[in-house]
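In what follows, a structure is listed as structure tokens, so that the remarks can point back to it.
There are 2 protein chains.
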Amino acid sequence: MSVSDAPAAVDEARLWRRHMSLAEIGATAKGGVDRQALSEEEARARALLAEWASELGYAVSVDGISNLFIRREGTDPALAPVLTGSHIDSQPTGGKFDGAYGVLAGIEALQALDEAGIETARPIETVAWLNEEGSRFAPGMMGSEAFAGLRPFDEIAAVADRGGTSVADDLPRAFAATPGAERRGIGFPVAAFVEAHIEQGPALERAGIPIGVVTGIQGVRRMRVRVTGEEAHAGTTPKSARRDALWEAARMVDALQRRIHRDDEHRFTVGMMEIRPNVPSVVAAEVLFSIDIRHPDSDTLARLEAEVDGICRNSLVACDVETWTIAQAPSIWFDDGVVDTIESAAVDLELGNMRLFSGAGHDARQLSFVCPTGMIFVPCEKGISHNEAENASPADLADGARVLAETLVRLANG
Amino acid sequence: MSVSDAPAAVDEARLWRRHMSLAEIGATAKGGVDRQALSEEEARARALLAEWASELGYAVSVDGISNLFIRREGTDPALAPVLTGSHIDSQPTGGKFDGAYGVLAGIEALQALDEAGIETARPIETVAWLNEEGSRFAPGMMGSEAFAGLRPFDEIAAVADRGGTSVADDLPRAFAATPGAERRGIGFPVAAFVEAHIEQGPALERAGIPIGVVTGIQGVRRMRVRVTGEEAHAGTTPKSARRDALWEAARMVDALQRRIHRDDEHRFTVGMMEIRPNVPSVVAAEVLFSIDIRHPDSDTLARLEAEVDGICRNSLVACDVETWTIAQAPSIWFDDGVVDTIESAAVDLELGNMRLFSGAGHDARQLSFVCPTGMIFVPCEKGISHNEAENASPADLADGARVLAETLVRLANG
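Here it is, written out as structure tokens:
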């Protein structure tokens, strides 16, 4: 199939400059980004996106959960748009590209279509979904979950951060960031969704291949474990009288790692632990810790989830334990039509490509329940992500944007 | 030996009322106290002590590190005073009696001497030492260490809490709490120091004995362990590529508990753990945890301290580890003369008593390096301390204050 003029209009230097400008907002000393959902920094990033959109003549809108949309009109404005995008929130010690790339590649693609003089029947919208990361308000994927009707607005609005501030409390900050934006309801018909993202793993770099055609997203279980012991004085309380929640939690973490994190196919992480009172001279009364389990096979995942409680109980000495699941998602497979369109675009652009299954969760999971969906991955340095050292090459980012631009043209005219 | 009229003047109800009044400052929902060093709450507690002292006609003074002194004059003001007291700061989820008892028993003893019409040759001063607990500014015992010349003022002043506020930043708040207090230099000659305290262990209650005559304080090592790994994405990073600081710290905590916390004679606690970035979907890059080891035998303690580094290294998988000691104290034995005086007072008052070695550290340790020192313990419910449920009986508290009053009379006239 012949390629449109859009990919050739993608400007590598311009795309890189926008990444560096966005990364200044919430920049950390170590070269990363701290731009958590609904923070001051995230609001400033929203304002910058809206400023770019206005300069390019695109309409900006926000829905009731503060998902931000930038629209390039189609020749038939009544048709459902093709959507692209990702998120601009980050982990507290996140990188410059996770999420941001999908939004900036989306803007770059719209601009490339303009410069190539291409009209599409369908409108194309680039979206920044609210709170993909979930580090401040857990669990994440809030914007895409609300959009896809997978989670009620009121439930999301009530989620509070560790300081007790709720999503509802801070939503006004997001709306205030784009005062000129049209307000929309949550959720509308979409013809297709394509999300560009850094791989966040080592496969593309190791293979020396610039384009990943993503076939699906591996399932995940997010759990919490609460170990309850009793506060006691470190100097006077004998071992036999202790109920040490921190020690018993440590036993559980080690046992879970040994029993569940069997090999490289299993992904098991305890990344968060909150200890009370968390002072050196007091035996801990309570520990709450997180569990994140992922596996491509949904049955295996369900079996691993079921093992957690027993492993924790077997690690008990004198405390009590409680385990529960806060979020679960089966593995999903993307739409064949969208996956094939992305693959054909890469092939026609003569860019090396391979099919991949995503280890990380993305907003595309939620969209896959309401419209044909796919993802484009580009390599990131050493596969490092959720880390201030996260990096990607300008050339790889531009290649991904070229595949995205061509994919959008085909979907919006298809 | 005949008993003075002071013990009979000790007023159980008054002493209990003062405990309940002081406990209102920083009161927690669960009946405990959060009154950390140099906080707003601790400043209000200082103001209340000064108010009581003024009502009773005692002079109030503060030294350069904000130790607070309440002085009952002697017939020879030039003689070095006998000192009693403890501390009014608490753990973040502390109880009503830890520290507070020693200060309030001291005030009660002074008032009992007044009411009994007893004059003493030496002045008697009741002191509240700065920051015994060390939960906010670590390590604790700051006031008594400065007083005893064991730690330079500048080093203490520079210690910062987790929010970056230093002792020097917050000292003005303590001084402002007692505007009428005379300012004094740090450290002066003391004839003897006697500290009354709840036992914080179960021995007196189990034995049904109201008075503990403390013979010494067991040694302690306070250490820190830093485990350094690498931040990585929980969904995409295979086990073989991870350097998970939280998992490896958990392995260390469990190994240390099994190897060092051998039996009830050994006291080993990991009570504090700080994890970075501490979010569910990110493999932890760094964990810092505390170690508190205590044992009556100083050689054993030194041997246990020396084992820590090797045990941590043996638990490593892919991270790095660093261990260091932040505070060390050998076991100490109190002055025979003071211990005998306390014991005789209890015997002469016909109060059941037993000799005890203290598992917890106290300001009396520091004072023991500069003057003859001893301690009086009273039972606390189930031995529970450093806990909001900490409790003691009004009768036991009053009995301790009676022994204290008589001991002070004997030391101040001795």
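Protein sequences appear in the order of chains A and B. With the working numbering, letter number 358 in the first sequence gets 358, and the count goes up by one each step, no holes. With the working numbering, letter number 190 in the second sequence gets 190, and the count goes up by one each step, no holes. Glycine is no exception: its CB is placed at the ideal position from the N, C-alpha and C atoms.
Residue range of the unbroken beta strand (DSSP E) whose run includes residue i
i, result
"G374 of chain B", "T373 to V378"
"V227 of chain A", "G219 to T228"
"I275 of chain A", "M273 to R276"
"L316 of chain A", "L316 of chain A -> no beta strand (DSSP E), and no H or E assigned at all."
"F69 of chain B", "L68 to R72"
Proximal residues of chain A, C-beta to C-beta of residue i below 8 Å
i, result
"L253 of chain B", "In the sequence on display, residue 253 of chain B carries Val and not Leu. Ordered by position in chain A, the residues that pass the 8 Å Cβ test against V253 of chain B are L246, W247 and A250."
"T341 of chain B", "Neighbours of T341 of chain B on chain A: none; closest Cβ ~24 Å, over 8 Å."
Per-residue contacts from residue i into chain B (C-beta, under 8 Å)
i, result
"M272 of chain A", "I275, N278, V279 and P280"
"V220 of chain A", "G235"
"V127 of chain A", "Near V127 of chain A there are no residues of chain B at all, since even the closest Cβ is about 22 Å away, more than 8 Å."
"H197 of chain A", "The premise fails here: H197 of chain A is roughly 11 Å from chain B at the closest Cβ pair, so nothing lies under 8 Å."
"Q91 of chain A", "P277, V279, S281 and V282"
"A138 of chain A", "P280"
Residue i, DSSP secondary structure in three states
i, result
"I88 of chain A", "coil"
"S393 of chain A", "coil"
"N413 of chain B", "helix"
"T300 of chain B", "helix"
"N353 of chain A", "strand"
"H362 of chain B", "coil"
"H197 of chain A", "strand"
"F268 of chain A", "strand"
"F137 of chain A", "coil"
"A285 of chain B", "coil"
"E125 of chain A", "strand"
"E24 of chain B", "coil"
"L79 of chain B", "coil"
"R294 of chain B", "strand"
"A207 of chain A", "helix"
"H19 of chain B", "helix"
"T237 of chain B", "coil"
"T93 of chain A", "coil"
"A192 of chain B", "strand"
"G163 of chain B", "coil"
"G310 of chain B", "helix"
Interface residues of chain A facing residue i [CB-CB closer than 7 Å]
i, result
"H421 of chain B", "Nothing about residue 421 of chain B can be reported from this structure: the residues present for chain B run from 1 to 414 only."
"V283 of chain B", "T269 and G271"
"D396 of chain B", "Neighbours of D396 of chain B on chain A: none; closest Cβ ~17 Å, over 7 Å."
"A27 of chain B", "Here the premise fails: no neighbours, minimum Cβ distance about 16 Å."
"H261 of chain B", "K239"
Under 7 Å by beta carbon: chain B residues contacting residue i
i, result
"A78 of chain A", "Going along chain B, no residue has its Cβ under 7 Å from A78 of chain A, so there is no contact; the nearest lies around 39 Å."
"S135 of chain A", "V279"
"S240 of chain A", "D264"
"R294 of chain A", "G235"
"Q257 of chain A", "W247"
"S290 of chain A", "P280"
According to DSSP, residues forming a beta bridge with residue i
i, result
"E182 of chain A", "A:S61"
"E322 of chain B", "B:R226"
"I332 of chain B", "B:I217"
"V415 of chain A", "An answer regarding residue 415 of chain A cannot be provided, because it is not within the stretch 1 to 414 covered by chain A."
"G383 of chain B", "For G383 of chain B, which the question treats as bridged, DSSP gives no partner whatsoever."
"A327 of chain B", "B:R222"
"A401 of chain A", "In DSSP, A401 of chain A forms no bridge with anything."
"A232 of chain A", "A:V283"
Start-to-end residues for the alpha helix (DSSP H) that takes in residue i
i, result
"F369 of chain B", "No alpha helix (DSSP H) contains F369 of chain B, which DSSP labels as neither H nor E."
"E343 of chain A", "D336 to D348"
"P7 of chain B", "A6 to A9"
"E248 of chain B", "A245 to I260"
"P172 of chain A", "V167 to A177"
"I107 of chain B", "A100 to E115"
"F153 of chain A", "F153 to A158"
"G143 of chain B", "M142 to F147"
"C56 of chain B", "In the sequence on display, residue 56 of chain B carries Leu and not Cys. Where L56 of chain B is concerned, there is no enclosing alpha helix (DSSP H), given that its DSSP letter is neither H nor E."
Contact the stretch 113 to 123 of chain B vs the stretch 139 to 157 of chain B: 3+ CB pairs below 8 Å: no
Segment contact, 8 Å Cβ cut-off, at least three pairs: the stretch 342 to 354 of chain A with the stretch 283 to 299 of chain A: no
Inter-stretch contact at 8 Å, needing at least 3 Cβ pairs: the stretch 219 to 229 of chain A / the stretch 324 to 343 of chain A: The stretch 219 to 229 of chain A makes contact with the stretch 324 to 343 of chain A; the number of CB pairs closer than 8 Å reaches 3 or more.
The stretch 164 to 174 of chain A touching the stretch 352 to 362 of chain A, judged by at least three CB pairs closer than 8 Å: no
Touching by the beta-carbon criterion (3+ pairs, under 8 Å), the stretch 307 to 316 of chain B and the stretch 356 to 373 of chain B: no
Three or more C-beta pairs below 8 Å linking the stretch 261 to 272 of chain A and the stretch 404 to 414 of chain B: no
The stretch 312 to 321 of chain A in contact with the stretch 333 to 344 of chain A per 3-pair CB rule at 8 Å: no
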